[in-house]
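K.L.:
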Amino acid sequence: MNMIVRTIIHLSRSGKSIISANRVLGAKASIIPGIHSHAHQVFDEISTTNSPDFNQLLTSYTRNNLPKEALQLFLQTKHSERLIDCSTLSCILQSCRDLSDVGLGKQFHCICVKNGFDKFVGFANSLIGMYMKCGSIDDGRRVFDLMPDRNCVTWNTMLSGLMINGLGPEVLQLFVELRVNGAKPTLLSYVAVMKLCGNLNQLLLGQQLHSCVIKEGFGTDGKVMTSLMIFYIKCTKFVQAFKIFSSMSRDVRSVKSWTAIISAYVQIKDPINVASLFNKMRRDSVEPNAVTYSTLLTASPAISPFQIHALVIKSDYHRVPLVGTALLIAYTKMGRTCESLSIFKSIDAKDIIAWSAMLACHAQAGDSEGAVNLFKEMVMQRIKPNEYSLSSVIDASSSANAPTDLGKQLHAVTIKYKYLNSICVSSALVTMYAKKGSIESAQKVFDRQSNRDLVSWNSIICSYAQHGYGERALEIFRDMEKSGVEMDSVTFIGVLTGCVHAGLIEEGEKYFNSMVNVHHIKPTMEHYSCMVDLYSRAGKLSEASDLINRMPFPGDARVWRTLLGACRMHRNIELGEIAAKNLISLEPDNPAAYVLLSNMYAGLGKWEERTKIRKMMDGRNVKKEAGCSWIQIRSTVHSFIASDTSHLMSIKIYEKLEEMMIQLKKEGYRPDTDLVLHNVGDEQKERILYRHSERLALALGLICTPRGMPLQIMKNLRVCADCHTVMKMVSAIEEREIVVRDTSRFHHFKAGSCSCGDYW
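Shown next as structure tokens:
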């Protein structure tokens, strides 16, 4: 390094041309890091300098992306003002632009006006570029408007400046002015404006541009044709996009072209052509990039995510956030949380999208602890949560095994980060409060929403439906209709569920028909399942069976399970056996069908048939799911199974149960021993009933909480009718609300009655 500098100084002192010295410095500058730090030493030693020499060194700085050093050279070099020419100021303005220093740029603007350089078109173009890059749009526009003469560079610089500042409509207006004034857009301007037309859905202008590029001879250029194709895809004109791609020769089809056409087939849900195009792309020796892989991972599984994952690893894209996040989401959809977590850990420089995707994965798996720990880690790494990461962690907090107060804590976090007015976040809060049993809190959040979209309305309608307040769900639905928000299939699932839990048969039929005939929404299996449930609970088993037979697709396990449960309740053994047969054929390893059928036989006293079903379960190694209930007291969750004695307070719990049963019998309680499906005496049946898991949880809650404090109990199976009666009576005796969440709904027991109206 020092030898090079000494050589340059020697050349200048020995009388050699200063140009030789500058050429040496200029040649070495681009290949030897740090040589620019000796520039001032060279200039101090050289006896004479002139404008070309000075500009050559300035140009060397700007070419090597050293804007700060270029400005320091200008400001510290002796007699720099007398060396100024148009080239000098262009370099200086480029440095100001690179540093986004508009204040210094304005000072040099004054110098140029003083020296009369503002009349030169090239310099004015540099000024426009500097102002627009620094975000000083009005100053850039003023320079543009005051220019007496403009060339193509002027127009294209102004176009580029407006685009980088996100002024889409202004870009299109200026482009029209450009054409009217007879200026010729560059190829890159055409590409940029075409992209903008796609983003703004300006179909007519884009079609006019298509004609222009053909007329001006750009019709075979790969970049232009690719931008045209993307424009048509964004405007959903897929036929035109396919035609353009087909017209492109093999040598101009870039990875961007292939990715764009693949994305078009992804949008129209054509997985066969997606796979075909991807294979053809590889046969044409075009290597996929990160965008290609992320696009493929959003498609229907025509190509297995495992195959794409293998290709991603082979091409070393698995650490790229865009690809890693797409892989993570693909595995999440498959329910593979472990693989998703492994991919998440491998991503370099994780962005908020990756964090949000992983939080959503935990939420989908019902892993509230994993979601909260990940959220804490994200905040510790100084990554500010966005509305999607917050809504995901709130969703996770609504899972059945999450602590009761976790959602409230996350509500406070949303206030801290000022996302409470976000529809995405507030709708998640509505759902969370509803799932945690507080429909009142859900309503309060809904009432505070300043704007409501489809998700907001669906959240509150489904919440009331799950809590058994069918009339209230329908009332909100009517408010939604008045608001003008367009309904979707989820809206009607909420409405029909509300009708199911409230026994509103006529209303359910009316809204189902309205969904099909008025709103033109095609019923899904879930809609039919709601209607089967509606008829089944009301004892209209023939109507339920007829509806299953009329469905445009075979009934799934959920439909047959609903019918079988109703057959057991209403003692229709013939239809129950048909439902059980269909259910077992669909889910041979699921114990639900066997248990429901065996319970139906037991309820009718057909003990031999019940024994056969139990033997069938043993032969197929199908295990009955144990009933489990849990209650949170302070920060601890306590779980129980029937006749559980493992709890540390078991003795006190059973003492409380005995005391409770005595009190209930004084109030007129009579155990419904018909519900005990064991071939034993009534006294033993009564003992079995009072040891149900939800009663153990209730007893602990009564022991450990102050009188009058509401209790919330969760159960993994349907609450039995006798326990339902007990909960009603205890709510009156103890003067407190008891909320029980079972597999199908919430029961709010208060003052001796239940929100379900004894219809569940």
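Take 1 as the starting number for the sequence shown in full-length UniProt numbering and just add one per residue. Ideal placement from N, C-alpha and C gives every residue a C-beta, glycine not left out. Remember, predicted model here, so these are calculated numbers, not experimental data.
Would you kindly work out how many angstroms separate the C-alpha atoms of A310 and M281, rounded to a whole number?
P.N.:
Numbered from its first residue, the sequence shown carries residue 310 at position 310. Numbered from its first residue, the sequence shown carries residue 281 at position 281. Their Cα atoms are separated by approximately 17 Å.
K.L.:
Within 8 Å of any Cβ in chain C, is that where the Cβ of T337 sits?
P.N.:
In summary, chain C is missing from the structure at hand, where a single protein chain is found.
K.L.:
In the DSSP output, what is R741 paired with across the bridge?
P.N.:
Taking the sequence shown and counting its residues from 1, one reaches residue 741 at position 741. Bridge partners of R741: M714, F746.
K.L.:
Can you give me the Cβ contacts of L702 inside the same chain, cut-off strictly under 7 Å, excluding the 5 residues immediately before and after it?
P.N.:
For this step, residue 702 is matched to residue 702 along the sequence shown. Excluding positions up to five away in sequence, the list reads K656, E734.
K.L.:
Take the Cβ of R745 as the centre, count every other Cβ of all protein chains shown within 10 Å, and call the residue buried at 16 or more, exposed below.
P.N.:
As a working note, residue 745 is residue 745 in the sequence shown. Classification for R745: buried.
K.L.:
What residues in its chain sit with their C-beta under 7 Å from that of N421, if we drop five residues either side in the sequence?
P.N.:
In the sequence shown, counting from the first residue as 1, residue 421 sits at position 421. Taken in chain order, the residues that qualify are S450.
K.L.:
Since I92 and A70 should fall inside the 8 Å C-beta cutoff, what is the C-beta to C-beta distance between them, to a whole number of angstroms?
P.N.:
The residue labelled residue 92 in the question sits at position 92 within the sequence shown. The residue labelled residue 70 in the question sits at position 70 within the sequence shown. With 8 Å as the limit, I92 and A70 qualify as a contact, their Cβ atoms being about 7 Å apart.
K.L.:
What does S629 pair with, by DSSP beta-bridge criteria?
P.N.:
As a working mapping, residue 629 is identified with position 629 in the sequence shown. According to DSSP, S629 bridges with F640, K715.
K.L.:
Which of helix, strand or coil does DSSP assign to S368?
P.N.:
Counting from one through the sequence shown, the residue named residue 368 turns up at place 368. The answer is helix: DSSP assigns S368 an H, G or I state.
K.L.:
Apart from the five residues just before and just after G135, which ones in its own chain have a Cβ nearer than 8 Å to its Cβ?
P.N.:
Taking the sequence shown and counting its residues from 1, the one referred to as residue 135 is at position 135. Correct list, in chain order: S100, V102, N165.
K.L.:
Between the alpha carbons of L564 and A580, how many angstroms are there, rounded?
P.N.:
For the purposes of this step, residue 564 is taken as residue 564 along the sequence shown, with counting starting at 1. For the purposes of this step, residue 580 is taken as residue 580 along the sequence shown, with counting starting at 1. Distance between the alpha carbons of L564 and A580 is about 6 Å.
K.L.:
Over what stretch of residues does the alpha helix (DSSP H) that includes F231 continue unbroken?
P.N.:
Within the sequence shown, residue 231 is the residue found at index 231, counting from 1. Element bounds for F231: 222 to 234.
K.L.:
Mark L146 as exposed unless 16 or more other C-beta atoms lie within 10 angstroms of its C-beta, in which case mark it buried.
P.N.:
Within the sequence shown, residue 146 is the residue found at index 146, counting from 1. The residue in question, L146, is exposed, as its Cβ has fewer than 16 Cβ neighbours within 10 Å.
K.L.:
Using DSSP bridges, identify the partner residues of C754.
P.N.:
As a working mapping, residue 754 is identified with position 754 in the sequence shown. DSSP lists F749 as partners of C754.
K.L.:
From I653 to L597, what distance separates their C-alpha atoms?
P.N.:
As a first step, residue 653 must be located in the sequence shown, where it is residue number 653. As a first step, residue 597 must be located in the sequence shown, where it is residue number 597. Cα to Cα, the separation comes out at about 33 Å.
K.L.:
Run the CB neighbour count on A544, radius 10 Å, all protein chains shown included, and call it buried at 16 or more, exposed below.
P.N.:
Along the sequence shown, read from residue 1 onward, the residue named residue 544 stands at position 544. Its Cβ being crowded by 16 or more others within 10 Å, A544 is buried.
K.L.:
Can you tell me whether A593 is buried or exposed, with buried defined as 16 or more other CB within 10 angstroms of its CB?
P.N.:
Taking the first residue of the sequence shown as position 1, residue 593 is located at position 593. A593 is buried by the Cβ-count criterion.
K.L.:
Straight-line CA distance for C720 to N513?
P.N.:
Sequence index remark: in the sequence shown, residue 720 carries index 720 (1-based). Sequence index remark: in the sequence shown, residue 513 carries index 513 (1-based). Spanning the two alpha carbons is a distance of roughly 33 Å.
K.L.:
For the alpha helix (DSSP H) holding A502, just list the boundary residues, first then last.
P.N.:
By 1-based counting over the sequence shown, the position of residue 502 is 502. 489 to 502 is the span of the alpha helix (DSSP H), which, as asked, contains A502.
K.L.:
S755: which of A697, G437, S315, L104 sits nearest, CA to CA?
P.N.:
For the purposes of this step, residue 755 is taken as residue 755 along the sequence shown, with counting starting at 1. The residue with the shortest Cα to Cα distance from S755 is G437.
K.L.:
DSSP three-state call for K612: helix, strand or coil?
P.N.:
Counted from its first residue, the sequence shown places residue 612 at position 612. K612 falls in the helix class under three-state DSSP.
K.L.:
Suppose only complete runs of 4+ residues qualify. What are the alpha helix (DSSP H) ranges in the UniProt repeat "PPR" (254 to 288), listed by chain order?
P.N.:
Those alpha helix (DSSP H) runs which fall completely within the UniProt repeat "PPR" (254 to 288) and span 4+ residues are 255 to 267, 271 to 283.
K.L.:
Enumerate in chain order the residues of its own chain whose CB-to-CB distance from N386 is below 6 Å, with the five nearest sequence positions on each side excluded.
P.N.:
Here residue 386 corresponds to residue number 386 of the sequence shown, with the count starting at 1. Same-chain partners within the cutoff: I352.
K.L.:
Taking 8 Å as the threshold (C-beta atoms), are R568 and M600 in contact?
P.N.:
On the sequence shown, residue 600 is found 600 positions in, with the first residue counted as 1. On the sequence shown, residue 568 is found 568 positions in, with the first residue counted as 1. In this structure, R568 lies closer than 8 Å to M600 by Cβ.
K.L.:
Helix, strand or coil, according to DSSP, for L429 in the structure here?
P.N.:
The residue you call residue 429 lines up with position 429 of the sequence shown. Here L429 sits in helix by DSSP.
K.L.:
Is Y759 helix, strand or coil by DSSP?
P.N.:
Walking along the sequence shown from the start, residue 759 turns up at place 759. In this structure, Y759 counts as coil in the three-state DSSP scheme.
K.L.:
Please identify the residue among K269, K314, S285, V286 whose C-alpha is closest to the C-alpha of T298.
P.N.:
Position 298 of the sequence shown, counted from the first residue, corresponds to residue 298. Considering only alpha carbons, the answer is K269.
K.L.:
How many angstroms separate the CA atom of R179 from the CA atom of G122?
P.N.:
Walking along the sequence shown from the start, residue 179 turns up at place 179. Walking along the sequence shown from the start, residue 122 turns up at place 122. Using only the alpha carbons, I get a separation of about 21 Å.
K.L.:
Measure the C-alpha to C-alpha separation of R472 and F492 and round it to an integer number of angstroms.
P.N.:
Position 472 of the sequence shown holds residue 472. Position 492 of the sequence shown holds residue 492. Approximately 14 Å between the Cα atoms of the pair.
K.L.:
Assuming V191 contacts S227 (C-beta within less than 8 Å), just tell me the rounded distance between them.
P.N.:
The sequence position of residue 191 within the sequence shown is 191, counting from 1. The sequence position of residue 227 within the sequence shown is 227, counting from 1. Indeed they touch by this definition, with Cβ atoms about 4 Å apart.
K.L.:
Leaving out five residues on either side along the sequence, give the residues of the same chain with a beta carbon under 7 Å from the beta carbon of V490.
P.N.:
Here residue 490 refers to the residue found at position 490 when the sequence shown is read from its first residue. Here the set comprises N458.
K.L.:
Exposed or buried, what is K510 when buried is set at 16 or more other beta-carbons lying within 10 Å of its beta-carbon?
P.N.:
Taking the sequence shown and counting its residues from 1, the one referred to as residue 510 is at position 510. Burial call: exposed.
K.L.:
Spell out a yes or no on whether the region 150 to 161 and the region 189 to 208 are touching, meaning 3 or more CB-CB pairs, one atom from each, closer than 8 Å.
P.N.:
Yes, the region 150 to 161 touches the region 189 to 208.
K.L.:
Apart from the five residues just before and just after A642, which ones in its own chain have a Cβ nearer than 7 Å to its Cβ?
P.N.:
Taking the sequence shown and counting its residues from 1, the one referred to as residue 642 is at position 642. Excluding sequence neighbours, A642 sits near G627, R691, H692, S693.
K.L.:
Can you tell me where the alpha helix (DSSP H) with N513 in it begins and where it stops?
P.N.:
One-based indexing of the sequence shown puts residue 513 at position 513. 505 to 517 is the span of the alpha helix (DSSP H), which, as asked, contains N513.
K.L.:
Let me make sure I understand the geometry here. Which of L406, I233, D251 has the alpha-carbon closest to that of Y265?
P.N.:
Within the sequence shown, the letter at position 265 stands for residue 265. It is I233.
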